[in-house]
Structures are given as C-alpha cells and as structure tokens.
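**Student:** My structure is below; once you've seen it, I'll send some questions.
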Amino acid sequence: MAETPSDSIDAPWIVRVALDVPLRRYFDYLASATEPISHDDIGYRVRVPFGRQSKIGIIVATDTVSERPVDQLKAIETVLRDVPRLPTDWFRLAEFCAGYYHGAIGQVMLATLPAALRSLSAAKARSAKRRASCPAEAQIAPALTADQQAALNAIEAHGDGFKAFLLHGVTGSGKTEVYLRLIERTLVRGRQALLLVPEINLTPQLETRIAARFPDARLVSLHSELGDAARSRHWRAAHSGEARIVLGTRLAVFTPMPVLGLIIVDEEHDTSFKQQDGLRYSARDLAVYRARQNDIPVVLGSATPSLESWANATGNGGRERYHLLSLGGRAVPGAGLPAIRCIDTRVDRLHDGLTIPLLSAIESRLARGEQSLLFLNRRGYAPVLACAACGWVSHCPACAANLVLHLADRRLRCHHCGHQTTLPRACPTCGNQDLGAFGRGTQRLEAALRERFPQARILRVDRDAAGTRRQWEMLATQIENGEADILVGTQMLAKGHHFPQLTLVGAVAPDAALFAADWRAPERLFAQLMQVAGRAGRAERHGEVLLQTRYPDHPLYAALARHDYAGFAAEQLAERRQSGFPPYTFQAMLRAEAENIADSLAFLNTAKRAVSAEKYPQIILYDPVPMRLARRARLERGQLLVESLSRRALQHFLADWLNILEHCKHPAHLRWHLEVDPLEC
Ligand SMILES: [Zn+2]
Ligand SMILES: [Zn+2]
Numbered sequence: 001m002a003e004t005p006s007d008s009i010d011a012p013w014i015v016r017v018a019l020d021v022p023l024r025r026y027f028d029y030l031a032s033a034t035e036p037i038s039h040d041d042i043g044y045r046v047r048v049p050f051g052r053q054s055k056i057g058i059i060v061a062t063d064t065v066s067e068r069p070v071d072q073l074k075a076i077e078t079v080l081r082d083v084p085r086l087p088t089d090w091f092r093l094a095e096f097c098a099g100y101y102h103g104a105i106g107q108v109m110l111a112t113l114p115a116a117l118r119s120l121s122a123a124k125a126r127s128a129k130r131r132a133s134c135p136a137e138a139q140i141a142p143a144l145t146a147d148q149q150a151a152l153n154a155i156e157a158h159g160d161g162f163k164a165f166l167l168h169g170v171t172g173s174g175k176t177e178v179y180l181r182l183i184e185r186t187l188v189r190g191r192q193a194l195l196l197v198p199e200i201n202l203t204p205q206l207e208t209r210i211a212a213r214f215p216d217a218r219l220v221s222l223h224s225e226l227g228d229a230a231r232s233r234h235w236r237a238a239h240s241g242e243a244r245i246v247l248g249t250r251l252a253v254f255t256p257m258p259v260l261g262l263i264i265v266d267e268e269h270d271t272s273f274k275q276q277d278g279l280r281y282s283a284r285d286l287a288v289y290r291a292r293q294n295d296i297p298v299v300l301g302s303a304t305p306s307l308e309s310w311a312n313a314t315g316n317g318g319r320e321r322y323h324l325l326s327l328g329g330r331a332v333p334g335a336g337l338p339a340i341r342c343i344d345t346r347v348d349r350l351h352d353g354l355t356i357p358l359l360s361a362i363e364s365r366l367a368r369g370e371q372s373l374l375f376l377n378r379r380g381y382a383p384v385l386a387c388a389a390c391g392w393v394s395h396c397p398a399c400a401a402n403l404v405l406h407l408a409d410r411r412l413r414c415h416h417c418g419h420q421t422t423l424p425r426a427c428p429t430c431g432n433q434d435l436g437a438f439g440r441g442t443q444r445l446e447a448a449l450r451e452r453f454p455q456a457r458i459l460r461v462d463r464d465a466a467g468t469r470r471q472w473e474m475l476a477t478q479i480e481n482g483e484a485d486i487l488v489g490t491q492m493l494a495k496g497h498h499f500p501q502l503t504l505v506g507a508v509a510p511d512a513a514l515f516a517a518d519w520r521a522p523e524r525l526f527a528q529l530m531q532v533a534g535r536a537g538r539a540e541r542h543g544e545v546l547l548q549t550r551y552p553d554h555p556l557y558a559a560l561a562r563h564d565y566a567g568f569a570a571e572q573l574a575e576r577r578q579s580g581f582p583p584y585t586f587q588a589m590l591r592a593e594a595e596n597i598a599d600s601l602a603f604l605n606t607a608k609r610a611v612s613a614e615k616y617p618q619i620i621l622y623d624p625v626p627m628r629l630a631r632r633a634r635l636e637r638g639q640l641l642v643e644s645l646s647r648r649a650l651q652h653f654l655a656d657w658l659n660i661l662e663h664c665k666h667p668a669h670l671r672w673h674l675e676v677d678p679l680e681c
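The sequence shown runs 1 to 681 under our numbering.
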C-alpha cells in the first residue's frame, strides 16, 4: 500500500531510481515518512522493493510528478548513505554510454559499481588487509629525450582543458616516462590521474614503477583479479579522492573521481578495451568522451595505434581531431631498433615448424648466453586430432570448431566454449589406435625445441602456463633473472615486458592472418608482430627478428621491416576508404543466437523488414548471414550488419529500431543483442 504524501512534505516526493534490470528506463518510487528525500540525495544508493524482492538502486532524480499512477508506486525502503553520492559527471558518462551503445541504463550504472555496493547479498567488506607493499624506493626521474620533452611541451601548451593526444612511439621509446611526467604534473595541481591499461596481469612492472615514482601519492588498482573487498576499498578510495592515481582495466573508466585531471589510455589499440559481452562498450572511446565532458586532457598511447585513432590524428586537410605526438627512437641510448628479416619457407623448409636459419640463430644466442623468443599465437599441442583410417576429427560437440589437443595434461579442449574430454586411446569411430595430431601449437613447438636443444632451459608462456597473475609474475621473474634460454609463447609475451637479455625473436607461423576473411586481421597482425619484435634488444644489445613466411614480399612484412607504421597505416586506410569500411563508415551489428540457425536468421529477417528503408535513406541494412563461428556452445548464430556514412543518422536509426525490436516476437530460447562499432565482422 503506497503512502500518500503528507502535507508537511512540500516536494519533491517522487524518487527516480536506476535498477539493474534489462529495461532502458528508470523506476519511480515514493519517498516514505521514515525516509525523507531531498534533491541532495541524488547519487546515493537506495534499497527498494522490486517484484517480490528488494534491490539496490541509485537515486538519479527527484520529482513531483510521475508518468505512472501514484497509487501504483511503492515506497523506498532505505537510503544508503554509507558511500558518498555519485557525482554528476559520473551520471553523464553512464547515460552517454547507455545511449550510445543502446544498453539498459540501470544495468550500465550498477555494473560499474563494485559487487559489494550493488548487491544485498555481497560479502561484507573484510577488515582492510592491505598487501604489505614493499616500501617503494623513491625513484629519480631519468633525463628526457628530445622527443619526450617535445611531447610534454606540446601537451603543456594546451593547458588543463580538453584535448585528445595520440602518443605514437615504438616499443622502448619511453612512452611510460611521458605518462609519469604527466601524472606528476597532475598531482602537483592537486588533481587525480586515471591510467587505463589493457590487461593488469601483464603490468605489475608498471604498478611498481608508478608507486616508486610517487611514494607519497596513494595508488590503487582496479581490475578483475581483485577480490570483492579489495575492489570495493580501492573504488571508495578513488571516489573519496584519497587515491590520487587509479590504474585499471576497461571497467575503471567509470570510476568516480572527484578531481580527475588527466586520463591516459596505454596500448590504446588493444581490443581488450572493448567489452565483448553484455554491454559492448569501448573504454577507450568512453575515456575520450569523459575527458571532453570533464574538460581535461586525454592521452592515447601506442606503438601501433588503432587505425581509427590514427585517422583521427592524421585526418586530412587540417581537420585532425587528435593531436599527434611522435616519439622516434628508443629511449635507452644505443638500443637501436631490431633488424627484421623474412625467412622464405618455400626455400628454407620447415623441420618441426622451424627453419634452419631460425634454428642456427637460436643456437648462436645459446652460445652467447642470450635469450630467444619464439612467437606462435596458438596454444595447445595441435589444433586438431584426426584419424587417417576413417576420417574422424576431434570436433567440439557444441561448436563449429575442433577440439584442440593439449598433451601436457592429455586432454582435448574447445577454445571457444571450454568443453573438454580426456584424450581417446583410439579412434572413437573405428578403433584405430594411430591418431594423428595436425598443425602446431605452443606445446608442440616447445617439445620440438626440447628435442633439438636438450641442454637449453625452455619456458612456455601462454594462457595455460600463466593463467593467473601469480603464475605470470613467477614466469616473468624467472625470465628476468636469466633462468630461461628460450621462451615459447603467444601474444601474452608480446605485451609490455622488458627482458634485457632477449636478443632474438622468431615469428614461427604468422601468415594465417594475412588472408583472413576479417578485414581487420592485417591491422591486428601488424600490431602483434611490431609488439613482439619490440621485445628484442631493448637494452644495449642489438635485436634480430626473423619471420618465417611463404610471402616474404608481402607489403605488410615490408612495412614491418622498415618499422614503418605510418606507411602501413596510410595504405590500410586508403584501402578502407576505397572499400567503404570504418573509420570511413559507421557500423552496428545485430546478432541473434538460437538452437538452430533458421530461427536466428528468421529473427534477423523480421528485424530487417520491421523498418521501412525509405524512412532511413542514409542507412544500409545488409542481409542476415551466419556468423563466422556459426555455432558456439550449442547455439547457432547469425548477424545483420547496419551501416551509414553518418554516425548521427546511424544513432537515430538504432534508437528507433530498438524500440521496434523490443516488441518483435521470437522463440523463447532466442537471444539477441546489438553492438555499436563492432570489432568482429
Ligand atoms: Zn577412425
Ligand atoms: Zn566448443
């Protein structure tokens, strides 16, 4: 039974609340006699009845009128004032995010809060048990290179207001030092700095380095490996302003920070800034929006910027939206860029996946006591197990994909859905005991190297060997201490780390991505190879990079050998302009998954027919097609691409379309979602 407003409460007495439910709207409640509410309560969390339970929500507004009949409104239960109110700029960011990516506003808001603050059942915060951080030894700032100084001067010249900078610098050129100087300048002005990184797992070195440089400023990290209690503690410290520096992964872009003065996005090209399930937002793009709203500078850094950012920074005809800053050489004197060379595998045959020139290069490193790194972006022993007698192959029962052979623990695993079984002793169809492993993953490469170099200490670094931050830290320490001669790894090894004794990098089988159907594949391949090449010879020793390829004349490899990102980017952008791909068009993808593909495609066809094309002349709706991995985890998936030359027209169309789609009938088991600016096509 709802309470009626007493005469003593003037107004407002309607409380508008954001709740974690999949609806694109807020919910109205009544203030109760026991819980008077004022305009000043906007931003507090609140406990309200919802259905037969209670939920935690956030007060977004107060009002004197409601669109719903007042006698149907329920009263709020409690206002939770244990955490300071969420600030206005935080609301703006969440609302922009929900609007641009077409998500449910309440879900967006609540999902950004630490679990302990958004659910009733969440564990009470444990007593603050801070990890005994080693007393940071105050580190003295190194002298700047001319390029670093110029970059800093350019940023300084823009003052404290909004400007987006793209800091382009090869691996080892000292981007981090520029970040540190910018953070220092921000702290001196009494403001907070937010540093976003793609994967916190790989950046304990960065955390240590920042802590050492600013021993007096509280630094907190926010990432998925933190326990609920620590995450909540760190988030509160940022929100209260006590933490001056926040280092976090994509979700940290939403951290409320009362005196935010700077945002940095390191490795801005990295696809992990894009959330791949639920609300598919780009933390990098939101960082730029947030900086604009807060009128502060944002710095995007990368050795291989995303082509979107590069186009924004190089533009044409002086219409650059971002200011480009370049760091040319390497910051450590004498550390030249590694020499990159192709080995033609049509001439030099592969033996267990390795050519003689690569093997002898490894041998000479072993003789000199230097490290080698072999890059193969495929984990497991072999991508498929098969029977030559009857043609059986190790299909995943739930996906349109093969089960990968993992010999280390004798299992077959699906890398898409996680399905796994023990290794069969014989062919399940015909009983043949002689099953063959086809193709090559990191485990097989490791085995071949052990046979070839029995005296060498070999370490494998991939998600199987270094799945947790702890495992990774142990491996990284072993590598840094020179306890490994040969490293075998996936792109995990390519990121962020500095191994001073590493002088040889071999890319074992990079060709597959050259001709992939995904038109973004070359961009990703170039970035990966550039990054992994950047591991070689970062200290005083010269590095060498060898690429095993059947296409030694391919322009991508040629640009790589010249260390010519700009040339590569210009060529790719010209192609994209000609083919009408992003960033020259704007896209959204409607996807559906169901028990069978017919249902998925039928829904997408209904969705396409639900709007009249004449009403939206600037919009192209393509025909629904099955996704490239058409079946995953027993669901069959289709997609429909929407395209426009105008971002505004696309946004307008999507808003109208979603209102229709939400009422489209479909089988109960079918799920659909919309992704704006999709990275997978
Ligand atoms: Zn068989
Ligand atoms: Zn599977």
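We put the beta carbon where it would ideally sit given N, CA and C, even for glycine.
With the cut-off set at 8 Å, would you say Leu219 and Leu247 are in Cβ contact?
**Tutor:** Going by C-beta atoms, Leu219 is nearer than 8 Å to Leu247.
**Student:** What is the residue span of the beta strand (DSSP E) that Tyr29 lies within?
**Tutor:** Per DSSP, Tyr29 belongs to the beta strand (DSSP E) from 27-30.
**Student:** Taking DSSP as the reference, what is the three-state secondary structure of Leu167?
**Tutor:** strand
**Student:** Where Leu86 and Gln651 are concerned, what is the direct C-alpha to C-alpha distance, given to the nearest angstrom?
**Tutor:** 27 Å
**Student:** Ignore the nearest five residues each way along the sequence and tell me which others in Leu679's own chain have a CB closer than 6 Å to its CB.
**Tutor:** Thr271, Lys274
**Student:** Would Met257 be called buried (16 or more neighbouring beta carbons within 10 Å of its own) or exposed?
**Tutor:** buried
**Student:** Considering Pro626, what are the terminal residues of the beta strand (DSSP E) in which it resides?
**Tutor:** In the DSSP assignment, Pro626 falls within the unbroken beta strand (DSSP E) covering 625-632.
**Student:** Looking only at its own chain, which residues have a Cβ that is under 7 Å from the Cβ of Gln572, when we skip the five neighbours before and after it?
**Tutor:** Leu307, Pro522, Glu523
**Student:** If you drop the 5 nearest sequence neighbours on each side, which residues of the same chain put their C-beta closer than 8 Å to that of Ala238?
**Tutor:** Correct list, in chain order: Gln192, Val220, Leu222, Val246, Thr255, Pro256, Met257.
**Student:** My output table needs one value for Thr442: the three-state DSSP class, helix, strand or coil.
**Tutor:** helix
**Student:** Measure the beta-carbon distance from Ile486 to Leu374 and round it to whole angstroms, keeping in mind my assumption that it falls under 8 Å.
**Tutor:** 7 Å
**Student:** Distance, Cα to Cα, Leu19 vs Gly43?
**Tutor:** 13 Å
**Student:** How big is the Cα-Cα spacing for Tyr622 and Arg631?
**Tutor:** 21 Å
**Student:** Tell whether a beta-carbon distance below 8 Å holds between Ser173 and Gly328.
**Tutor:** yes
**Student:** I believe Leu731 touches Glu320 by the beta-carbon criterion, under 8 Å. Please report the beta-carbon distance rounded to the nearest angstrom.
**Tutor:** Missing from the structure shown is residue 731; the chain here goes from 1 to 681 and no further.
**Student:** Return the Cβ separation of Gly439 and Val384 in integer angstroms, given the expectation that the two are a contact with Cβ distance under 8 Å.
**Tutor:** 6 Å
**Student:** If we call anything under 8 Å between Cβ atoms a contact, is Leu529 one with Leu560?
**Tutor:** It is a contact, given that the beta carbons lie within the stated cut-off.
**Student:** Ile37 by DSSP, collapsed to three states: which one?
**Tutor:** coil
**Student:** Apart from the five residues just before and just after Ala291, which ones in its own chain have a Cβ nearer than 6 Å to its Cβ?
**Tutor:** Taken in chain order, the residues that qualify are Phe162, Ile263, Val298.
**Student:** Using the rule of at least 16 other Cβ atoms within 10 Å of the residue's Cβ for burial, across every protein chain shown, is Gln148 buried or exposed?
**Tutor:** buried
**Student:** Would you say the beta carbon of Cys430 comes nearer than 7 Å to a heavy atom of ligand 2?
**Tutor:** no
**Student:** Pull up the DSSP beta-bridge partners for Pro297, would you.
**Tutor:** Lys163
**Student:** Tell me whether Gly106 sits in a helix, a strand or coil according to DSSP, three-state version.
**Tutor:** helix
**Student:** Taking buried to mean at least 16 other C-beta atoms within 10 Å of its own C-beta, is Met474 buried or exposed?
**Tutor:** Per the 10 Å Cβ criterion, exposed.
**Student:** Quick one: give me the first and last residue of the alpha helix (DSSP H) that Lys175 is part of.
**Tutor:** Unbroken alpha helix (DSSP H) run through Lys175: 175-188.
**Student:** Can you list, in chain order, the residues of its chain with a C-beta nearer than 8 Å to that of Ala2? Leave out the 5 residues immediately preceding and following it.
**Tutor:** Model confidence at Ala2 stands at a pLDDT of 43, short of 50, so the residue's coordinates are unreliable; what they give is reported in the following sentence. Excluding sequence neighbours, Ala2 sits near Leu30, Val70, Asp71, Gln72, Leu73, Lys74, Ala75.
**Student:** Quick check on Asn312: does DSSP put it in helix, strand or coil?
**Tutor:** helix
**Student:** Cβ atoms of Gln548 and Val611: under 8 Å apart, would you say?
**Tutor:** no
**Student:** When every heavy atom of ligand 1 is checked, does at least one fall within less than 7 Å of the C-beta of Cys390?
**Tutor:** Yes, Cβ of Cys390 sits closer than 7 Å to a heavy atom of ligand 1.
**Student:** Among Thr112, Asp82, Cys417, His102, which has the Cα closest to the Cα of Phe91?
**Tutor:** That would be Thr112, whose Cα lies nearest to the Cα of Phe91.
**Student:** Could you tell me the alpha carbon to alpha carbon distance between Asn294 and Ile58, rounded to whole angstroms?
**Tutor:** 22 Å
**Student:** Could you tell me whether any non-hydrogen atom of ligand 1 is closer than 7 Å to the CB of Cys681?
**Tutor:** no
**Student:** Less than 8 Å separating the beta-carbons of Pro84 and Ser232?
**Tutor:** no
**Student:** Per DSSP, what kind of secondary structure is Ser6 in: helix, strand or coil?
**Tutor:** Only weak support is given to the placement of Ser6: the predicted model assigns it a pLDDT of 45, under 50, and the value that follows is read from those uncertain coordinates. Note: Ser6 maps to coil in three-state DSSP.
**Student:** Would you give the residue range spanned by the alpha helix (DSSP H) that Thr606 belongs to?
**Tutor:** 597-609
**Student:** Run the CB neighbour count on Asp105, radius 10 Å, all protein chains shown included, and call it buried at 16 or more, exposed below.
**Tutor:** First, the amino acid is wrong: residue 105 is Ile here, not Asp. Buried, by the Cβ-count rule.
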